[in-house]
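In my numbering, each number is its position in the sequence shown, counted from 1, plus 259.
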Amino acid sequence: MAALSIGKLDSDTVTIVLGSTPLGSLLTVRAALLVALGFLLLVRPQPLLLTIAALPALASAAFAGHASAGEGAPGHLLQASDILHLSAGALWLGALARFLTTTVSARNCDANVIRSLAGFARTGTAIVATLFVTGTASAWLISGGQLPGGAWPVLIGFKFALFLAMLGFAAGNRWKLVPEMEDGFSDARCRLIVSLMLETACALGIVALVGFAGLLDPHGG
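Following this line, the structure appears as structure tokens:
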């Protein structure tokens, strides 16, 4: 904001940014929520309490970057769409982390692991639908309904390709590898672990691409 490198920032500039700008207020609130989340992780790691602290911190990302540039009803719609998109993406990534750790630590074809993987199908379908609808809506609103240019649409295209790859891995897990685990195939668990790792890698790639895309002008200016 001050057109200075980090090494040239002084305490007065930091104080002004944090205390007198919308971005500063947002960063302060986000930092407080992350501190609360870290405290709860150490002291009382209950899922409900962690969710209460984590969701607002996650949703705060919708009030910065492209989503914060909108005005009026389209701007509010973009922020709401981004919040839903972020929440669905976080739920998918969290589920992947959970499934990966439980599958790695499970002994052979653990019945509880199989049950949890199979039971995630409906939730996963809802997540995918939410991501597709909100992602499409956000891209349309960010571009202003105009054809985007420059590097931004390229990164979004790569993001969509990784999203499709995740769908492919998820479908393979649901319809092939999990049933094979249920049937006792000896190598099904190892192949499922590899598939979950690749799906997680795609998700992390999407996070990186979105971070870069958020720094670019959708119209290549």
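From the three backbone atoms N, C-alpha and C, an ideal C-beta is built for every residue, glycine too.
Distance from the Cα of VAL392 is smallest, within the candidate group HIS344, LEU426, VAL466, ASP442, for HIS344. Assignment of GLY473 by DSSP, reduced to helix, strand and coil, places it in the coil class. Taken through DSSP and simplified to helix, strand or coil, GLY409 comes out as coil. Taking 8 Å as the cut-off, the Cβ atoms of LEU414 and ALA472 count as close.
Looking at TRP399, VAL372, LEU309, the one whose alpha-carbon comes closest to that of LEU292 is LEU309. For HIS478, DSSP records a beta bridge to GLY408.
The stretch 378-395 and the stretch 438-455 do not touch, with fewer than three beta-carbon pairs separated by less than 8 Å. Rounded to whole angstroms, THR389 and GLY383 show a C-alpha spacing of 10 Å.
ARG448 places its beta carbon less than 8 Å from that of THR362. Contact between PHE417 and LEU457 does not hold, since their C-beta atoms are separated by about 16 Å, which reaches or exceeds 8 Å.
Within its own chain, the residues whose Cβ lies closer than 7 Å to the Cβ of PRO315, once the five positions on either side in sequence are excluded, are LEU292, listed in chain order. Put simply, the backbone Cα of ALA365 is about 16 Å away from that of ASN432.
In the structure shown, the three-state DSSP call for ASP341 is helix. With 16 or more other Cβ atoms from the protein chains shown falling within 10 Å of its own Cβ, PHE358 counts as buried. Assigned with DSSP and collapsed to three states, SER454 falls in helix. Short of 7 Å from the beta carbon of ALA430, and not among the five residues preceding or following it, lies no beta carbon of its own chain. Take SER397, set aside five residues on each side of it, and the residues of its chain with a beta-carbon closer than 7 Å to its own are LEU337, SER340, ASP341, HIS344, in chain order. Just so you know, the alpha carbons of ALA349 and TRP399 end up roughly 22 Å apart. Taking C-beta atoms as the reference points, LEU436 and LEU451 count as a pair closer than 8 Å. Note on geometry: alpha-carbon atoms of VAL387 and THR287 lie some 32 Å from one another.
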